[in-house]
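Engineer:
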Amino acid sequence: MLVKLFERFSCKFYSSRIARNTENTICGTFKVKNSTSSSFGTFAQQKNLRMNVLVYSGQGTTDDSVKHCVETMRLLLSPYYSVSKASADTIIKQPWQGKTTMLVIPGGADLPVCRAFNGRTNEKISQFVNRGGRFIGFCAGGYYGSKRCEFETGTDMEVSGPRELGFFPGICRGCAFRGFRYGSEAGARAAKLEVNRASLPDCQYSTAYSYYNGGGMFVDAPNYPNVEILARYSDQPDVPDGPGGANAAVVYCKVGNGAAMLSGVHPEFTPELLARSAEAPGFGKVVDVLKGHNEERMDFLRACLKKMGLHVNESTSVGRPHLTPLFLTSVNKTDTQQVIGRLERELPHGIDNISNGGSDKFRFHWSLSELGDKLPEEGYEDPETAIKEVYACVDRLPTREETPNFDIGAFLCELPRAYSNLSTVGAVGKTFMYGEVVTSTSALMDSNIHLMGVLPDGFTVYGSIQVCGKGRSGNFWVNPIGMMAVSIFNRMSLEQAQRTPIVFIQYLCSMALIEAIWHYGDGYSEIPVRIKWPNDVYIMLPKFVERGEHYKSQKLGTVTSDGEIEATYTKVGEIMVNVNVINREYCFVVGSGLDVSNAAPTVSINSVIEAMNRYWGQTGQDKHLAPLKIETLLARYLASFNSMLNIFKAEGFRPFLDTYYSMWLHTNQTVRLTSEGDARARIIGITSDWGMLLVQKTDSQGRATGENYELQPDGNSFDMFRGLISKRK
1 MLVKLFERFS CKFYSSRIAR NTENTICGTF KVKNSTSSSF GTFAQQKNLR MNVLVYSGQG
61 TTDDSVKHCV ETMRLLLSPY YSVSKASADT IIKQPWQGKT TMLVIPGGAD LPVCRAFNGR
121 TNEKISQFVN RGGRFIGFCA GGYYGSKRCE FETGTDMEVS GPRELGFFPG ICRGCAFRGF
181 RYGSEAGARA AKLEVNRASL PDCQYSTAYS YYNGGGMFVD APNYPNVEIL ARYSDQPDVP
241 DGPGGANAAV VYCKVGNGAA MLSGVHPEFT PELLARSAEA PGFGKVVDVL KGHNEERMDF
301 LRACLKKMGL HVNESTSVGR PHLTPLFLTS VNKTDTQQVI GRLERELPHG IDNISNGGSD
361 KFRFHWSLSE LGDKLPEEGY EDPETAIKEV YACVDRLPTR EETPNFDIGA FLCELPRAYS
421 NLSTVGAVGK TFMYGEVVTS TSALMDSNIH LMGVLPDGFT VYGSIQVCGK GRSGNFWVNP
481 IGMMAVSIFN RMSLEQAQRT PIVFIQYLCS MALIEAIWHY GDGYSEIPVR IKWPNDVYIM
541 LPKFVERGEH YKSQKLGTVT SDGEIEATYT KVGEIMVNVN VINREYCFVV GSGLDVSNAA
601 PTVSINSVIE AMNRYWGQTG QDKHLAPLKI ETLLARYLAS FNSMLNIFKA EGFRPFLDTY
661 YSMWLHTNQT VRLTSEGDAR ARIIGITSDW GMLLVQKTDS QGRATGENYE LQPDGNSFDM
721 FRGLISKRK
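Going by UniProt numbering, the residue at position 413 of the sequence shown is 413; the numbering climbs one at a time, nothing skipped.
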C-alpha cells in the first residue's frame, strides 16, 4: 500500500517573454518555491545553530513599526541571526519556537494582538520564554507584555484590563506623555532617557534619545523582584507612578530560563526613515534631535540586546552597507559586450537611461572608466528601490581595491580549469555578475521578469554581502563576508520538464556543493559534510570533529548528561529554487548560500577544517588541509552543477540516486509520522520520479508492515534530530 502525502501548487505563467499584466495560473506537480523547515526541540538545543528572530507583523502592528523594527534588528543582529517578519498565522500555527531565539512585538495597538493571541497562543509564547527564549515588546508590545494595561483612562481612547503574558508583573500605564493620536505624529517626541549603566555595563552613554509616540511607563518597577530598569524617562511623565516608582521607560524582566524586555519608547526607530509631517510641523525638530543623537540610541539598544543574551554586531556603523556597483564580466570578453548590448536594447527604458528589469531599475555602463571615484551617497538607502548600477568589464577587470572581498581575475582563471577537470562544456558561470554589496543574488534575477527574458542560460550572480538575503521560509538577513551566496539562471522547456522534473534541480545543487568541497583537493573528501533531505547542507560540529567523531559514525545527535538531545551536525548551506514560466519555458533561478569562511554563524566549513587539523595534530598524523578559497570553490561548484545539469537533462535523476544516497544523512533512519498518529517508519530513499521522501511503515519491532509513504518536502516538516516528520500547516 502506498500513501502519498503531498499538496498541489501553482506557478506564474506569462504569455510572452516580456511579462504582461495578465497572468494565468497553472497547476503542476512540482513545488515552484521549495521550502523545508526543521524544529529541533528546546531553545537550549539550538546553541550551535543559526537562530531566527521573529518580528510579529500581523493585526495590531503598524507597517512603519514593523519596518523600523526589522531594519534595526537586521542591522544589529546580522549575521548571527536571521531576522524575519512573522504573521499571526505563523505565530499561532507553526512550530517556530525550536529555531527561534527571540520574538518581537512592535508598536501599534495591543488589543488586536490580544484578540489574536489570547489563550493557547499566549501559553505558547509564555512557555517559549520560560524555556529560555527572549521576548521584546516595543510600545504596544510593552503594554501587551505586562500584567495589566492602563491606557488613556477616563478618555474616549481608554483601553484597560489584565494581560495574559504578565512578563512585567505590574501595570504599564500610559500615555506617558499627553498628545497621542492614532495614525499621527502630533504627540510624538524625542524622549530623553537616563540609562541605568549598572544594568547595562556595555552602554557607553548615560543618556539617550528615543522616538516616543503613545508608549507607557512601568509602574512601581523597582518594587518587583526579577525586574531591572534599563532606562527611565528624564522628563516627568504625565501619568502617576506608584509610591516606589522611578519613571521606568524600559525594563528587563527575568522569566524562568528566559527574559523579556519591555519598552514604552521606540529605540528601534531609525531617524532616517522618519518622514517629516505637514500636519505636525513640530515633528521636524523631533527628527533633527533624534538624528543628532543617533549614536547614543544605537549604543543603548545594542547594550539592551546584549543584556538579553544575544550576540550583537559590534560595528560602529549606524547604517547597513550601501549597495555597490555590479560588475558584469565573462570568460570571453565578446560575451560581455553581447550581453550588455542586448540588455540595453531589449529592456524597457525610462528616463536617464534607466532600464526596467521588472522589480528593479538598472543603469548600464559600457566601461569601468565611467566608475570614476564614485562614492555611496550619505544617509538612508532603500536597497530594494535603489538603482542598480551595472558596469561591463570590457576594458579591464576591477582592481582589488574595487572588489576587496572577491578576486574576479582569479575566479575567471579557475572556472575554465574546473570545467576542464570535469571534461564538461556548458554555460554556467561563463557570464558572471559580481557585487561587493547586493540586495539578493536570487532576487536580482527572479524578481525581474523583463531581465530574465533577456539573460543567457547559465548567467550567474555572486555577492560578498547580501543586505536582503532571502531564505526559503521567507527569512531575510544581511549575510556575512565568507558566505558563498550565488545564484544561477537557466531555462528548460515545458516538454523537457515533463521528462526531467525541475523539482530535482535542488537535489543537483546540494550534490554539486558537496562535490565541489570533496573534490577541492587531496584530503578534502574527509570533510564531514552531508545532505539533509531534500537539499540542506549540514556539517559535523567542530567540537565533535576535534574528537575524531567524523571517523566513527554519522550519528545525528547525542544525549547530554541532563537528558537533552545535542545535535552533532549543523546547517551550513541552503538552496532555494525559484521558477517562472515565460513563453512556454521554465525560467529557474537556483540560489544557494554556503558558510565557507565566515566567523559567524560560528560554524563554517573552514572552522571545521581547522578542527580537523587540530585532531590530526593531536593524534600525530601528518595531514593538514588549507582553508577553502571562495574563488576556487565557486568555480568548482559551477562546473559541477553544469555537468550534473547536462546529464540530468539527458537522462533524468536516476543516474544520481546512488551519489545522493552516499551524501545524505538518512540511510535507514527511523522516524515517526506525527500526522499519521505517530506511526513508526524507516526512511528507505527518495522516489526517482518526483523526489519525494520514501518511508516504510514499521511495527514496534521495526519490521516492515507493507505500507509506504511518499512525503513531499513542502507538505512536511522534518526534524531529523528527533526523528519527527509532521504535516506542514
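Using N, Cα and C, we set each Cβ at its ideal position, and we do this for glycine too.
1) What's the gap between the Cα of V32 and the Cα of V503?
2) Here's the rule: buried if 16 or more other CB atoms are within 10 angstroms of the residue's CB, otherwise exposed. What is K333?
3) Check each candidate in L310, H68, S487, L343 and name the one with the smallest Cα separation from Y462.
4) Which whole runs of the alpha helix (DSSP H) in the stretch 582 to 662 are 4 residues long or more, in chain order?
5) Between V255, Y507, F432, which lies nearest to L326 when the distance is taken from Cα to Cα?
6) Under the rule that 16 or more other beta-carbon atoms within 10 Å means buried, what is T667, buried or exposed?
7) Could you tell me whether the stretch 103 to 115 touches the stretch 52 to 68, where touching means 3 or more Cβ pairs closer than 8 Å?
8) Quickly, what does DSSP pair D235 with across the bridge? List them, please.
9) In terms of DSSP beta bridges, what is M433 paired with?
10) Quick one: residues in its chain with C-beta nearer than 6 Å to the C-beta of F446, no 5 flanking neighbours on either side, listed in chain order?
11) Classify L200 as buried or exposed, calling it buried when 16 or more other Cβ atoms lie within 10 Å of its own Cβ.
12) Tell me, to the nearest whole angstrom, how far the beta carbon of T659 is from that of A681; I am working on the premise that it is less than 8 Å.
13) With DSSP as the reference, please indicate the residues paired to I229 in a beta bridge.
14) Using DSSP with H/G/I as helix, E/B as strand and the rest coil, what is G216?
15) Give me the Cβ distance between D450 and G357, rounded to the nearest whole Å; I'm assuming they're in contact under 8 Å.
16) Counting only the same chain and skipping the five closest in sequence on each side, list residues whose C-beta sits under 6 Å from that of E344.
17) Quick one: Cα of S84 to Cα of Q94, how far?
18) Does DSSP classify D536 as helix, strand or coil?
19) Is the stretch 647 to 654 touching the stretch 493 to 512 in the sense that three or more CB pairs, one from each, lie closer than 8 Å?
20) Classify H68: buried if its beta carbon has 16 or more other beta carbons within 10 angstroms, exposed otherwise.
21) Whose C-beta lies closer than 8 Å to the C-beta of N130 among residues of the same chain, with five residues either side of it excluded?
22) Counting Cβ pairs, one atom from each stretch, are 3 or more of them under 8 Å apart for the stretch 395 to 412 and the stretch 531 to 548?
23) Taking only runs of the beta strand (DSSP E) that begin and end inside the stretch 473 to 532, which ones reach a length of at least 3 residues, in chain order?
24) Under a three-way DSSP split, which group does Y144 fall into?
25) Does DSSP put C468 in a helix, a strand or coil?
26) Let me make sure I understand the geometry here. Which of F218, Y615, L625 has the alpha-carbon closest to that of S263?
27) What separation, rounded to the nearest whole angstrom, lies between the Cα atoms of E495 and E585?
28) Under 8 Å, do L638 and T424 count as touching if we go by C-beta distance?
29) Does DSSP put S355 in a helix, in a strand, or in coil?
30) Taking the beta carbon of R297 as the centre, do at least 16 other beta carbons fall within 10 Å, making it buried, or is it exposed?
31) With DSSP as the reference, label E344 as helix, strand or coil.
32) Quick check on DSSP: helix, strand or coil for L165?
33) May I have the straight-line CA-CA distance separating R342 from G141, to the nearest angstrom?
34) State the Cα-Cα distance for the pair S473 and S82, rounded to the nearest angstrom.
35) Taking the C-alpha atoms as reference points, what is the distance between N613 and E566?
36) Skipping 5 residues on each side, what residues in its chain have a beta carbon closer than 6 Å to that of L444?
Structural biologist: Working from what's here:
1) In this prediction, V32 has a pLDDT of 30, which is less than 50 and means its spatial position is unreliable; what the coordinates show is noted afterwards. Distance between the alpha carbons of V32 and V503: 8 Å.
2) exposed
3) S487
4) 605 to 618, 630 to 651
5) F432
6) exposed
7) yes
8) Answer is none; D235 lacks a bridge partner.
9) L328, V461
10) Here the sequence assigns Asp to residue 446, which means Phe is not the residue at that position. Here the set comprises N578, V589.
11) buried
12) Not confirmed; about 24 Å, so no contact.
13) V251
14) coil
15) Per the sequence presented here, residue 450 reads as His, with Asp not at that position. Between G357 and H450 the Cβ distance is about 5 Å, and since that is below 8 Å, they are a contact.
16) F364
17) 14 Å
18) strand
19) yes
20) buried
21) V255, G256, N257, G258
22) no
23) 483 to 493, 529 to 532
24) helix
25) coil
26) F218
27) 9 Å
28) no
29) strand
30) buried
31) helix
32) coil
33) 51 Å
34) Because S473 carries a pLDDT of 49, less than 50, the predicted location of this residue cannot be relied on, and no value is offered for it.
35) 24 Å
36) V461
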